[in-house]
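Residue numbers (the working numbering): 109 to 261.
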C-alpha cells in the first residue's frame, strides 16, 4: 500500500456514488479490480472522447466512485487524487506502471491499450467500427487511492 492509500476499512458510505467500471466484464476487469484491491493499480487511462460521447464531466480531485466487479457487485470505493488530459504520446512510464498491469515499458502499456481500444467490443461501445487512436488522441490520466474495500460489508 502506497502512502496515498487509505486503510481499506476506512468508513465510507458508497450509496449515491457514481460507478467506476474498468474494461468490460470478464477476465480483464477481474484483473484490474484485483489490482485496485491489492493496491498495485493506482492509475487509469480513459479516452477523452468517452466522456464527451457520454456528456459526463471529467473526474476531479476528491471525487469518489464505487468500483464494480464483473458480477456487477460494488467491491471498493476509490478517490481521485490527480487528473490530467494529455495526448496519448505524453503518457509516461510512471503512469503506465501505476496501471498495475505489469508493463515494463510505456510501449508495452500502449500496445495493450490500443488492442483494447481497437477491439470489436470497444469499437461497438464507441459506436464507430473504424475507431482508432493516434499519438495525438486526448486521454484522461487519473490517479486514485483505495478509500474503502467493500467486500467485507
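Glycine included, each C-beta is placed from N, C-alpha and C at the ideal position. Just so you know, these numbers come straight off a predicted model, no measurement behind them.
query                                                                                                                : result
Distance CB(residue 140)-CB(residue 130) smaller than 8 Å                                                            : yes
Residue closest to residue 132, alpha-carbon to alpha-carbon, out of 185, 179, 216, 199                              : 179
Close Cβ partners of residue 126 (< 6 Å) along its chain, the five nearest in sequence each way excluded             : 173
Endpoints, the beta strand (DSSP E) within which residue 190 is located                                              : 182-195
Simplified DSSP state of residue 177, which is helix, strand or coil                                                 : coil
Other residues of its chain near residue 264: CB distance less than 7 Å, five sequence neighbours each side excluded : Nothing about residue 264 can be reported from this structure: the residues present for the chain run from 109 to 261 only.
Pairwise C-alpha distance: residue 200 and residue 147                                                               : 20 Å
Opening and closing residue of the alpha helix (DSSP H) in which residue 220 lies                                    : 214-225
Beta-bridge pairing of residue 135 - partner residues as DSSP gives them                                             : According to DSSP, which records beta bridges pairwise, residue 135 is partnered with nothing at all.
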